[in-house]
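Residue numbers for the sequence shown follow the numbering used here, so the first one is 9 and each next one is one higher. Only one structure is covered here, and it is reproduced in the block below.
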Amino acid sequence: MGLVQAVKGAVGGVLADQWKDFYTVPTGLPSTAALFAAVPQGTNAGRGSNTSGSSNIISNGSKIVVPEGYGLLLFQDGAITAFVAEPGGYEWRSDDLNSQSIFAGDGLVSTFIKQSWERFKFGGQPGSQQAAFFVSLKELPDNRFGTQSEIYWDDGFLNTQVGAVTRGSYTLKIVDPILFVKNFVPASYLQPGQVFDFTDLDNAAASQLFNEVVGSLAPAFSLYTNDPSKGNRITKLQQDSLGFAQSLSAAVEQGYQWKSDRGLAIVKTAIVSIEYDANTRELLKTVQRADALSGSRGNSNLQASVAQGIQSAGENGGAAGLVGVGMASGMFGAGNLQQPATPAAPAADDPVAKLKKAKEMLDLGLITQTDYDALKAKALGL
Numbered sequence: 009m010g011l012v013q014a015v016k017g018a019v020g021g022v023l024a025d026q027w028k029d030f031y032t033v034p035t036g037l038p039s040t041a042a043l044f045a046a047v048p049q050g051t052n053a054g055r056g057s058n059t060s061g062s063s064n065i066i067s068n069g070s071k072i073v074v075p076e077g078y079g080l081l082l083f084q085d086g087a088i089t090a091f092v093a094e095p096g097g098y099e100w101r102s103d104d105l106n107s108q109s110i111f112a113g114d115g116l117v118s119t120f121i122k123q124s125w126e127r128f129k130f131g132g133q134p135g136s137q138q139a140a141f142f143v144s145l146k147e148l149p150d151n152r153f154g155t156q157s158e159i160y161w162d163d164g165f166l167n168t169q170v171g172a173v174t175r176g177s178y179t180l181k182i183v184d185p186i187l188f189v190k191n192f193v194p195a196s197y198l199q200p201g202q203v204f205d206f207t208d209l210d211n212a213a214a215s216q217l218f219n220e221v222v223g224s225l226a227p228a229f230s231l232y233t234n235d236p237s238k239g240n241r242i243t244k245l246q247q248d249s250l251g252f253a254q255s256l257s258a259a260v261e262q263g264y265q266w267k268s269d270r271g272l273a274i275v276k277t278a279i280v281s282i283e284y285d286a287n288t289r290e291l292l293k294t295v296q297r298a299d300a301l302s303g304s305r306g307n308s309n310l311q312a313s314v315a316q317g318i319q320s321a322g323e324n325g326g327a328a329g330l331v332g333v334g335m336a337s338g339m340f341g342a343g344n345l346q347q348p349a350t351p352a353a354p355a356a357d358d359p360v361a362k363l364k365k366a367k368e369m370l371d372l373g374l375i376t377q378t379d380y381d382a383l384k385a386k387a388l389g390l
């Protein structure tokens, strides 16, 4: 029981002309649709064995077209009986020994799918109720998040706790369709005509994901700003859609096991706005000022500020103002920014000091009168 691959790869109009009766993706779906039932296209034209036209039976010999970017799940009595991730045309053959139950290809999702298949594969005989559903393997956009009040996290660069109100959006990808359907999708969506859409406000399961993302934002910000490879700068968040997506996905996985339990992953993020609280804004101003005044640029700026201060003091306060600026410059170390002055030449020898020293030596008996007279004559240049 399973599928026989008839055409592999892209499927165009020629195949549709050959297969007058086949199942495929319904038209008019939103780009955010994640799971929906396959719909028949064309007329029976005498093919297949489903002469009663039951909506719960996939006729033996039915054709199913899997477009690029979608996977196909077949159900029998509520159990998954087959999965296809390779685009192409397939025939449903329950009595063909060559039929297969899984076509996962060699893509990104194949490893996840094959592992799940071994856990959940259907081992029974053909039953009475069958259904075919398509699952999107594309990035699903426009999943929005936002906080109504500040969230707080420990920032590695500022070395303190910071807070902000933020909003944005992210793209989701179903990396394991079998896990996704088995563990997450409500049974009400596994019915013909139902569309599971993550952006549907009436979708309670999707609303749960939204709440989990909001609950993961604070640890995601902390992961990002404490990762040296990201530069430890919260100001880079809005320009790094992939980097922050990795941090957010890791935080969601750690808290709610999206990938391992539900087959979901966050691929990209777009942060529309970050409104920091008052304390964080002051910290960022201080950091920006320190960055602007670092290195040679800071030296130049500080010298220019001192020069401007001296000019203003001279115009407004005369000599007293200049004295004040000089004292202030010394207090703030501005004088150290100037070229060091040439050291003064040592003072000439003082003859009076020399004679005084020689007289003391004479009185102590360290030199004779003759010695003293000689030193006297030399000091006075006689």
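Even glycine gets a Cβ: it sits at the ideal position worked out from N, Cα and C.
Identify, in the order they occur along the chain, each residue of the same chain with its Cβ nearer than 8 Å to the Cβ of residue i, setting aside the five sequence neighbours on each side.
{"i": "asparagine 211", "result": "Phe204, Asp205"}
{"i": "glutamine 377", "result": "Leu370"}
Any idea which residues DSSP pairs residue i with across the strands?
{"i": "arginine 152", "result": "Ser177"}
{"i": "serine 281", "result": "Arg175"}
{"i": "leucine 43", "result": "Val143, Phe204"}
{"i": "proline 359", "result": "Its beta-bridge partners do not exist; DSSP assigns none."}
{"i": "tyrosine 160", "result": "Gly171"}
{"i": "alanine 87", "result": "Gln84"}
{"i": "phenylalanine 30", "result": "Gln49, Lys71"}
{"i": "glutamine 138", "result": "Gln84"}
{"i": "lysine 276", "result": "Thr179"}
{"i": "glycine 36", "result": "Glycine 36 pairs with nothing; no bridge assigned."}
{"i": "glycine 223", "result": "None; glycine 223 has no bridge partner."}
{"i": "leucine 79", "result": "Leucine is not the amino acid found at residue 79; the sequence shown has glycine there. DSSP output for glycine 79 lists Val143 as bridge partner(s)."}
Among the options, which has the Cα closest to the Cα of residue i?
{"i": "aspartate 379", "options": "Ser249, Ala366, Leu390, Leu372", "result": "Ala366"}
{"i": "leucine 80", "options": "Ile186, Val15, Gln156", "result": "Ile186"}
{"i": "alanine 139", "options": "Ile72, Asp163, Ile66", "result": "Ile66"}
{"i": "isoleucine 274", "options": "Gln137, Phe142, Arg152", "result": "Arg152"}
{"i": "proline 95", "options": "Leu82, Val73, Gln216, Phe83", "result": "Val73"}
{"i": "leucine 166", "options": "Glu261, Ala14, Phe229, Val15", "result": "Phe229"}
{"i": "aspartate 248", "options": "Gly263, Thr277, Val260", "result": "Thr277"}
{"i": "threonine 155", "options": "Asp162, Phe141, Ala226, Phe44", "result": "Ala226"}
{"i": "isoleucine 242", "options": "Gln296, Met369, Phe218, Asp208", "result": "Gln296"}
{"i": "phenylalanine 44", "options": "Phe83, Gly69, Ala14", "result": "Phe83"}
{"i": "asparagine 68", "options": "Phe30, Ala195, Ala361", "result": "Phe30"}
{"i": "alanine 46", "options": "Gln246, Asn234, Gly201", "result": "Gly201"}
{"i": "glutamate 220", "options": "Gln262, Ser196, Val183", "result": "Gln262"}
{"i": "serine 70", "options": "Leu198, Glu76, Tyr98", "result": "Tyr98"}
{"i": "serine 224", "options": "Glu76, Ala259, Leu245", "result": "Ala259"}
{"i": "valine 15", "options": "Pro34, Gln216, Glu76", "result": "Glu76"}
{"i": "glutamine 137", "options": "Val92, Asp184, Gln199, Ala93", "result": "Gln199"}
{"i": "alanine 195", "options": "Phe141, Leu209, Lys244, Leu180", "result": "Phe141"}
{"i": "glutamine 216", "options": "Ala300, Gly389, Tyr264", "result": "Tyr264"}
{"i": "leucine 180", "options": "Leu245, Trp266, Ala298", "result": "Trp266"}
{"i": "aspartate 162", "options": "Tyr78, Ala382, Asn234", "result": "Asn234"}
{"i": "aspartate 358", "options": "Gly389, Gly373, Asp299, Ala213", "result": "Gly389"}
{"i": "serine 268", "options": "Gly373, Val92, Asp184, Thr35", "result": "Asp184"}
Going along the chain, which residues of its own chain have a beta-carbon closer than 6 Å to the beta-carbon of residue i, five neighbours each way excluded?
{"i": "glycine 132", "result": "With a pLDDT of 41 at glycine 132, under the threshold of 50, the predicted position of this residue should be treated as unreliable, and no value is reported."}
{"i": "tyrosine 160", "result": "Gln169, Gly171"}
{"i": "lysine 238", "result": "Tyr232, Gly251"}
{"i": "threonine 207", "result": "Thr40, Asp150"}
{"i": "threonine 32", "result": "Gln49, Val73"}
{"i": "alanine 361", "result": "none"}
{"i": "methionine 369", "result": "Ile375"}
{"i": "glycine 56", "result": "Bear in mind that a pLDDT of 44 at glycine 56, under 50, signals an unreliable position, so the number given afterwards is only what the model happens to contain. Correct list, in chain order: Ser67, Gly69, Ser70."}
{"i": "aspartate 371", "result": "none"}
{"i": "glycine 373", "result": "none"}
{"i": "glutamine 246", "result": "Ile279"}
Which same chain residues end up closer than 7 Å to residue i when comparing Cβ atoms and leaving out the 5 residues on each side of it in sequence?
{"i": "leucine 363", "result": "Lys384, Ala387"}
{"i": "isoleucine 182", "result": "Ala42, Val143, Ser144, Leu145, Phe188, Gly271, Leu272"}
{"i": "valine 222", "result": "Phe153, Thr155"}
{"i": "serine 157", "result": "Val173"}
{"i": "tyrosine 197", "result": "Leu43, Phe204"}
Would you say residue i faces chain C, with C-beta separation under 8 Å as the test?
{"i": "threonine 32", "result": "As a matter of chain content, chain C is missing from the structure shown, which is built from one protein chain."}
For this session: Answer yes if the region 32–47 comes into contact with the region 144–159, meaning at least three C-beta pairs across the two stretches below 8 Å, and no otherwise.
Result: yes
For this session: Assess, as a yes-or-no matter, whether the region 78–96 is touched by the region 186–203 under the definition of 3 or more beta carbon pairs within less than 8 Å.
Result: yes
Exercise. Taking three-plus beta-carbon pairs below 8 Å as touching, is the region 280–300 in contact with the region 254–263?
Worked result: no
Exercise. Is there contact between the region 274–282 and the region 172–186, where contact requires at least three CB pairs shorter than 8 Å?
Worked result: yes
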